[in-house]
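Straight run, no breaks: the sequence shown in the numbering used here ends on number 142.
Ideal Cβ placement from N, Cα and C applies to all residues, glycine included.
These numbers were taken from a predicted model, which means no experiment stands behind them.
Shown next, in structure tokens, is the structure this report addresses.
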Amino acid sequence: MTYFEHIDHPKTPSILKPMTKLHDDLVNGHCTGRTLKVGKLIKKLEKNISKQVEELVDIEEKASINANKVNEMLQTIQRLIRRDDLSSQAKDIIMSEMEETYERLK
Numbered sequence: 037m038t039y040f041e042h043i044d045h046p047k048t049p050s051i052l053k054p055m056t057k058l059h060d061d062l063v064n065g066h067c068t069g070r071t072l073k074v075g076k077l078i079k080k081l082e083k084n085i086s087k088q089v090e091e092l093v094d095i096e097e098k099a100s101i102n103a104n105k106v107n108e109m110l111q112t113i114q115r116l117i118r119r120d121d122l123s124s125q126a127k128d129i130i131m132s133e134m135e136e137t138y139e140r141l142k
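Given below as structure tokens:
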């Protein structure tokens with residue numbers, strides 16, 4: 037009989053958990069010679085994928101919130117640069133810092 041390694045681990049990213057758990061269930065069934073209950077495996081996989089989708093939605097919401105915060109910060113910097121009472125030197129410093137940050141994050 038061929039031996040397969042289990043791949044699920046506590047450090048496995050949650051995004052991969054449904055597939056790693058399914059893999060390990062199949063490996064357990066194969067190694068023990070049990071007849072797998074496909075319907076039960078499918079229901080379990082559907083449940084895990086549902087959790088996975090919920091986590092992805094949460095991640096997307098957090099990313100959207102962070103993007104909005106960054107956008108607001110950039111608009112604030114734009115308003116600062118456009119102010120007439122801000123010296124050219126201060127504007128140059130702000131622009132230089134922004135360009136350095138942009139290059140570092142590319």
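Nearest candidate by alpha-carbon position, reference residue i, set the options
i, options, result
"residue 137", "91, 102, 110, 99", "110"
"residue 89", "51, 132, 139", "51"
"residue 112", "95, 131, 58", "131"
"residue 85", "47, 53, 46", "53"
"residue 79", "68, 69, 96, 61", "61"
"residue 81", "47, 56, 140, 98", "56"
Opening and closing residue of the alpha helix (DSSP H) in which residue i lies
i, result
"residue 75", "74–118"
"residue 71", "That residue, residue 71, is in no alpha helix (DSSP H); it is neither H nor E in DSSP."
"residue 43", "Premise fails: residue 43 is in no alpha helix (DSSP H) and is neither H nor E."
Sub-8 Å separation of residue i and residue j beta-carbons
i, j, result
"residue 127", "residue 117", "yes"
"residue 42", "residue 74", "no"
"residue 58", "residue 77", "yes"
Three-state class that DSSP yields for residue i in the structure shown
i, result
"residue 143", "Residue 143 is absent from the model: the chain starts at 37 and stops at 142."
"residue 142", "coil"
"residue 58", "helix"
"residue 128", "helix"
Buried versus exposed call for residue i [16 or more other C-beta atoms within 10 Å across all chains shown]
i, result
"residue 49", "exposed"
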